Amino acid sequence: MKTPLLVTDFLKRARAAYRDAPAAVCGNERLTYGQLGTRIDKFSNALAALGVKKGDVVAYLSFNCHRLLEGYYAVPQLGAILLPINIRLTPPDIAFILNDAGASTVVVDRQLVGLLAPILASLPAVKNVILMGGDPKADLPVKGLDYEDLITRAPADPPHVALDEDDVAELFYTSGTTARPKGVMLTHRNLVTHAYYSIACAHVGDTDIILHSIPLFHVNGWGTPHTLTMVGGKHVMVPRFDPEHVLEVMEREHVTKMFVVPTMALALMNAPSWRTRDLSALKKVMFGGAATPAAILRALDERLPDAQVHCGYGLSETSPILTTAVP
């Protein structure tokens, strides 16, 4: 009998083996794997009560936060498809993606409703808008259901939906130099095999603390969540890339691994506290997005002699990592 490769099993394993271990840090909020798993089940049930079913698309307009991480499991648990959207796009571009994907539900950070407000009337398939983060009493141009209220009211029983490894779990839009962006469909099997590969090449384990400095809607960011959840490591979220804040978080949380693009590394090196922060916990820096200049690699080796540098290449269609150059 074939055992399907399901990305949702990563969370089940983490909850069973690491229930009381830290799972996610987002600002002042801290969640164990037990707490994270309960929130995920409750949000799955809340979505189901709103009519979300297998094959439906649930879109996110979000900064990096634990609520977006919850979506990486709450949505596929229902057999639905997660669609994180680049928040740097213009409203017309976002409208195209939502309509092309046929998204029925949009989960949006309250700070980002300005991206949704001017296009909402042009989204005939959208039935549900869910607002998260910020002040639930704030007067906003978009009305919707409150994320935390939905979780509070929903039952905590795990949903039971028949899933297959060839079911689409995630959808990401990517574009070349011409024409409209196109949706890349990633199945459970795609994501599971990618996580296995990533664990093997980066030696990710349960003691790892990974900083999500790259947006989880970006090709270089979305491969990380499943890899770390699978082994029970700690996710550290930063909503925006501010070099000084990132360095402060790295020191405070004892970050062991991080993914960056070369321009981010250069910004960190030029930050005032680059030389004074205690970054001794950092053991791996993984580059992607562009070729890394030799000068950056030399500077990293001088400042962090105990940290290894990995340079990877990938694309949306490969989930995303395709090749990795290791020391």
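Numbering that gives the first Met the number 0 applies: residue 0 is where the sequence shown begins, and numbers increase by one. A virtual CB, placed ideally from N, CA and C, is assigned to each residue, including glycine. Remember, it's a predicted structure, so these values are computed and weren't measured experimentally.
**OP:** Compare the C-alpha of residue 92 against each of 114, 107 and 106 and name the closest.
**Re:** With distances taken between CA atoms, residue 92 lies nearest to 114 out of 114, 107 and 106.
**OP:** Tell me, please, whether the region 14-21 touches the region 32-52 by the rule of three or more beta-carbon pairs shorter than 8 Å.
**Re:** yes
Subject >> Backbone CA spacing between residue 83 and residue 171 [nearest angstrom] >> reply: Their Cα atoms are separated by approximately 7 Å.
**OP:** Please name the residue or residues paired with residue 236 in a DSSP beta bridge.
**Re:** 25 and 211
Subject >> When 244, 279, 259 and 131 are compared against residue 270, the one with the closest alpha-carbon >> reply: Ranked by Cα distance from residue 270, the first of 244, 279, 259 and 131 is 244.
Original post:
By Cβ distance, which residues of its chain are closer than 7 Å to residue 99, with the 5 residues on each side in sequence left out?
Top reply: Same-chain partners within the cutoff: 182.
Original post:
What first and last residue would you give for the alpha helix (DSSP H) that runs through residue 200?
Top reply: 187-201
**OP:** Could you tell me whether the Cβ atoms of residue 54 and residue 162 are closer together than 8 Å?
**Re:** no
**OP:** Buried or exposed for residue 75, please, with buried defined as at least 16 other CB atoms from any protein chain shown within 10 angstroms of its CB.
**Re:** buried
**OP:** Could you tell me the distance, in whole angstroms, from the CA atom of residue 28 to the CA atom of residue 61?
**Re:** 16 Å
**OP:** Could you name the residues of the same chain whose beta carbon sits closer than 6 Å to that of residue 230, not counting the 5 residues immediately before and after it, in chain order?
**Re:** Within the same chain, Cβ atoms closer than 6 Å to the Cβ of residue 230 are found at 203, 204 and 205, the five residues on either side in sequence being excluded.
Original post:
Can you find at least 3 beta carbon pairs, one from the region 280-295 and one from the region 231-240, that sit closer than 8 Å?
Top reply: no
Original post:
Hey, does residue 13 have any beta-carbon neighbour from chain C nearer than 8 Å?
Top reply: In the structure shown, chain C cannot be found, because there is only a single protein chain.
**OP:** Report the three-state DSSP secondary structure of residue 275 (helix, strand or coil).
**Re:** coil
Original post:
Nearest CA to the CA of residue 40: which residue from 25, 56 and 71?
Top reply: 71
**OP:** Quick one: grab the DSSP three-state call for residue 146.
**Re:** helix
Original post:
Is residue 292 near residue 222, with beta carbons less than 8 Å apart?
Top reply: No, these two residues do not count as a Cβ contact at 8 Å.
Original post:
Taking C-alpha atoms, which residue in 246, 167 and 3 lies nearest to residue 80?
Top reply: 167
Subject >> Local Cβ density within 10 Å of residue 256, reported as buried at 16 or more and exposed below that >> reply: The residue is buried, with at least 16 neighbouring Cβ atoms inside 10 Å.
**OP:** Could you spell out where the alpha helix (DSSP H) holding residue 265 opens and where it closes?
**Re:** Residues 261-268.
Original post:
Can the beta-carbon of residue 295 be found less than 8 Å from the beta-carbon of residue 324?
Top reply: Taking 8 Å as the Cβ cut-off, residue 295 and residue 324 do not qualify as a contacting pair.
Original post:
On the three-state DSSP scale, how would you describe residue 127?
Top reply: Note: residue 127 maps to strand in three-state DSSP.
**OP:** Return the chain-ordered list of same chain residues with a C-beta closer than 6 Å to the C-beta of residue 13, the five sequence neighbours on each side being excluded.
**Re:** Around residue 13: 32, 228 and 231.
Original post:
Should residue 184 be labelled buried (16 or more other beta-carbon atoms within 10 Å of its own) or exposed?
Top reply: exposed
**OP:** Could you name the residues that DSSP lists as bridge partners for residue 169?
**Re:** 81 and 185
Original post:
What does DSSP give as the partner residues of residue 256 in its beta bridges?
Top reply: 209 and 283
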